[in-house]
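Reminder that position 86 of the sequence shown reads as 86 in full-length UniProt numbering, one-by-one numbering, no gaps.
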Amino acid sequence: MKKIIYFITLLFLVGCVDLSENMYNDLGKDNYYQTEQEYDAAFMNQYAFLRTMYAWNVFYLQEITTDEACLPQKGRDGYDGGIYQRMHWHTWTDQDIIINGAWQELFKAVGFCNQVLNDLNNSRSDILPENKKKLYIAESRALRAFFYSMLVDMFGNVPIVEKVSELNPPTKTRTEVFNYVEKEIAEVKDQLLRSTDTGSYGRFTQEAALALLSRLYLNAEVYTGTSRLDDCISVSQTLLQKGYQLESTWDAPFAWNNENSKENIWVIPNDEIVANEMSVLFYRNIHWSQRSQWDWKNPNGGWNGVCTVREFIETYDITHDRRCKYDPQNGMYGQFMWGPQFDLSGNPILGTNEYAGQQLDFTLDLPDMVNNKENAGARNIKYKVKVGAQGMENDFALFRIAEINFNLAEATLRKSNEVDSKALEGINKIRTRAGVSTYATGELTLDELYREKGREMCYETLRRTDMIRFGRFIQPMWDKNYTDKETINLFPIPLQATKLNPELKQNPGYTK
1 MKKIIYFITL LFLVGCVDLS ENMYNDLGKD NYYQTEQEYD AAFMNQYAFL
51 RTMYAWNVFY LQEITTDEAC LPQKGRDGYD GGIYQRMHWH TWTDQDIIIN
101 GAWQELFKAV GFCNQVLNDL NNSRSDILPE NKKKLYIAES RALRAFFYSM
151 LVDMFGNVPI VEKVSELNPP TKTRTEVFNY VEKEIAEVKD QLLRSTDTGS
201 YGRFTQEAAL ALLSRLYLNA EVYTGTSRLD DCISVSQTLL QKGYQLESTW
251 DAPFAWNNEN SKENIWVIPN DEIVANEMSV LFYRNIHWSQ RSQWDWKNPN
301 GGWNGVCTVR EFIETYDITH DRRCKYDPQN GMYGQFMWGP QFDLSGNPIL
351 GTNEYAGQQL DFTLDLPDMV NNKENAGARN IKYKVKVGAQ GMENDFALFR
401 IAEINFNLAE ATLRKSNEVD SKALEGINKI RTRAGVSTYA TGELTLDELY
451 REKGREMCYE TLRRTDMIRF GRFIQPMWDK NYTDKETINL FPIPLQATKL
501 NPELKQNPGY TK
């Protein structure tokens with residue numbers, strides 16, 4: 001198995017969380033460590049939460065609420081009580097399971113970090129070496145800060161919890177949560193592993209900390225009302241000097257064997273056999289009959305779920321842009337499939353419902369979120385699995401250097417209306433490998449940067465955040481012909497949480 005070993009650790013702590021209770025960080029029982037390996041197992045298990053988040057609820061909230069992805073009803077499939085329609089129409093409530101699921105997953109992760117930190121602080125020096133203890137404490141704090149960066153983005157005001165078994169912690173303002181994330185990262189950053197250190201793959205390194213700060217500072221004005229563009233510029237420039245390189249092909253950072261990518265800063269490692277929960281990113285999108293297109297061995301999928309409509313596809317130059325160019329009979333060049341589908345031998349793939357016995361032909365033109373057939377929408381295959389695989393071997397990129405180029409370009413454009421030359425060089429490399437023309441000086445405006453970042457980083461759980469920062473999230477889009485109130489830029493605090501903790505403060509626009 002490749003470099004996944006540290007994820008395949010003891011799960012004895014995870015199973016102690018009861019999500020029916022408002023347990024922000026109590027794992028329900030004391031933990032006793034008899035060996036150094038047991039500390040290693042508990043520490044590494046903090047990373048396991050990422051796989052579930054980014055496969056499911058965090059992905060849904062960041063993607064199917066935007067213009068680049070949706071999960072429409074297709075005949076008898078995809079209704080599920082209307083939850084996906086509410087996500088697209090921005091008519092969600094504090095009782096929707098996706099919102100509650102993201103809240104629970106994030107606070108479960110925070111709670112696990114707190115338990116591990118508590119155990120590390122009380123560890124025996126004869127079992128756990130002091131240098132490893134210090135590293136584990138710093139890295140656990142950094143991971144907790146990362147989880148809080150997601151909470152501040154999606155929910156705004158939330159409790160800041162650092163103690164085990166804290167009952168009904170009070171809400172902190174969005175600014176206070178932002179400041180907490182910044183403080184935690186600043187205090188531990190230099191104690192983390194470097195990306196060049198042995199054993200750093202998949203870990204939250206010093207470079208991952210810089211990437212988080214770059215993203216955090218870029219969104220600071222949304223989160224706090226105060227711009228931090230200078231800080232975004234500074235950390236982005238520093239990170240661009242760390243030796244990362246844009247790959248020569250657009251899809252190398254997402255390939256099934258992408259563990260050696262020079263572009264990825266921090267990833268969620270996956271393994272085809274032993275840690276493949278994120279396979280859902282692939283099989284959720286494809287049609288059941290497309291299993292033969294990949295000789296897919298996994299009993300799950302395809303679910304014929306998430307898709308993309310014409311309006312977003314046509315933001316690309318679909319004739320030349322390798323990120324979207326598609327020819328089902330002569331190679332899947334890009335990240336979207338549409339049109340007639342063929343198996344590995346070139347035979348037509350047949351539908352199973354409305355198109356039973358007929359060739360499956362994905363259409364870009366959907367009437368709305370409700371009245372569709374099984375062939376509705378283009379299917380994203382950014383993370384192309386290995387032919388004949390049982391699961392997703394591809395490691396999921398949480399941060400890559402392409403994003404840092406966009407962050408630096410945007411920050412400098414917003415600050416002085418001139419793009420940083422190194423960032424422009426990076427973005428032009430991104431376009432060159434995609435097979436489209438580069439930007440001359442003065443051509444890369446904020447509006448064009450927004451479009452290009454969408455083309456490059458679609459389905460990477462950034463779109464909602466970017467749309468909010470550019471003022472686009474509340475605007476009309478396909479099958480949502482109205483402008484929302486700005487309160488929709490935050491999700492509601494889940495009803496289940498507010499019932500259990502009276503100290504929580506509901507976000508504006510929602511009823512507690």
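Every residue, glycine too, gets a C-beta built ideally from N, C-alpha and C.
For residue i, the three-state DSSP class (helix, strand or coil)
{"i": "LYS172", "result": "strand"}
{"i": "LEU216", "result": "helix"}
{"i": "VAL267", "result": "strand"}
{"i": "VAL164", "result": "coil"}
{"i": "MET23", "result": "With a pLDDT of only 45 at MET23, under the threshold of 50, the placement of this residue in the model should not be trusted; the figure read from the coordinates follows. Of the three classes helix, strand and coil, the one that applies to MET23 here is coil, per DSSP."}
{"i": "ASP230", "result": "helix"}
{"i": "MET44", "result": "helix"}
{"i": "PRO253", "result": "helix"}
{"i": "LEU444", "result": "coil"}
{"i": "LEU398", "result": "strand"}
{"i": "ALA389", "result": "coil"}
{"i": "MET477", "result": "strand"}
{"i": "ASP80", "result": "helix"}
{"i": "ALA423", "result": "helix"}
{"i": "ALA69", "result": "coil"}
{"i": "THR308", "result": "strand"}
{"i": "LYS74", "result": "strand"}
{"i": "ASN57", "result": "helix"}
{"i": "ILE318", "result": "coil"}
{"i": "LYS373", "result": "coil"}
{"i": "PHE470", "result": "coil"}
{"i": "ASN258", "result": "helix"}
Local Cβ density within 10 Å of residue i, reported as buried at 16 or more and exposed below that
{"i": "PRO72", "result": "buried"}
{"i": "LYS29", "result": "Reliability of the predicted coordinates at LYS29 is poor, the pLDDT of 38 falling under 50, and no value is obtained from them."}
{"i": "PRO253", "result": "buried"}
{"i": "ASP365", "result": "exposed"}
{"i": "ASP126", "result": "exposed"}
{"i": "GLN329", "result": "exposed"}
{"i": "ASN118", "result": "buried"}
{"i": "VAL443", "result": "The residue you asked about is not Val; residue 443 is Glu in the sequence shown. Burial call: exposed."}
{"i": "HIS88", "result": "buried"}
{"i": "TYR47", "result": "buried"}
{"i": "PRO508", "result": "exposed"}
{"i": "ILE404", "result": "buried"}
{"i": "LYS485", "result": "exposed"}
{"i": "PRO129", "result": "exposed"}
{"i": "ILE468", "result": "buried"}
{"i": "THR465", "result": "buried"}
{"i": "VAL274", "result": "exposed"}
{"i": "THR205", "result": "buried"}
Strand pairing of residue i, partner residues [DSSP]
{"i": "ALA356", "result": "GLY351"}
{"i": "GLY339", "result": "PHE362"}
{"i": "LYS485", "result": "According to DSSP, LYS485 bridges with nothing at all."}
{"i": "ASN380", "result": "PHE336"}
{"i": "ALA275", "result": "ASP271"}
Any C-beta of chain B under 8 Å from that of residue i
{"i": "GLY101", "result": "Annotation note: the requested chain B is absent from the structure, which comprises a single protein chain."}
Residue i CB to nearest heavy atom of the ligand FMN below 7 Å
{"i": "ILE381", "result": "This structure does not include the ligand FMN; it has no bound ligands of any sort."}
Next on the checklist: Between the stretch 254–274 and the stretch 390–406, can you find at least three pairs of beta-carbon atoms closer than 8 Å?
Outcome noted: yes
Item to check | Segment contact flag, the stretch 333–342 with the stretch 379–389, C-beta cutoff 8 Å, min 3 pairs | outcome: yes
Next on the checklist: If we require 4 or more residues per run, which alpha helix (DSSP H) segments fall completely within the stretch 277–303?
Outcome noted: 280–283, 291–294
Item to check | Inter-stretch contact (C-beta, 8 Å, three-pair minimum) for the stretch 152–160 and the stretch 480–497 | outcome: yes
Checklist entry - When the Cβ atoms of the stretch 344–352 are set against those of the stretch 288–302, are three or more pairs found closer than 8 Å? => result yes
Next on the checklist: Check whether the stretch 443–457 and the stretch 409–420 are in contact - that is, three or more C-beta pairs closer than 8 Å.
Outcome noted: yes
Checklist entry - Counting Cβ pairs closer than 8 Å, one from the stretch 126–143 and one from the stretch 56–69, do we hit at least three? => result no
Checklist entry - Should the stretch 358–373 be regarded as contacting the stretch 270–285, the criterion being three or more beta carbon pairs within less than 8 Å? => result no
Item to check | Every unbroken alpha helix (DSSP H) within the UniProt domain "SusD-like N-terminal" (86–218), with a cutoff of 4 residues, ordered by chain | outcome: 97–121, 130–154, 174–188, 206–218
Checklist entry - Quick check: the stretch 308–327 against the stretch 89–98, are there 3 or more CB pairs under 8 Å? => result no
Checklist entry - Taking three-plus beta-carbon pairs below 8 Å as touching, is the stretch 421–439 in contact with the stretch 240–253? => result yes
Next on the checklist: When you compare the stretch 210–219 with the stretch 182–189, are there three or more beta-carbon pairs, one atom per stretch, that lie closer than 8 Å?
Outcome noted: yes
Next on the checklist: Any contact between the stretch 494–511 and the stretch 96–108? By contact I mean 3 or more CB pairs, one from each, below 8 Å.
Outcome noted: yes
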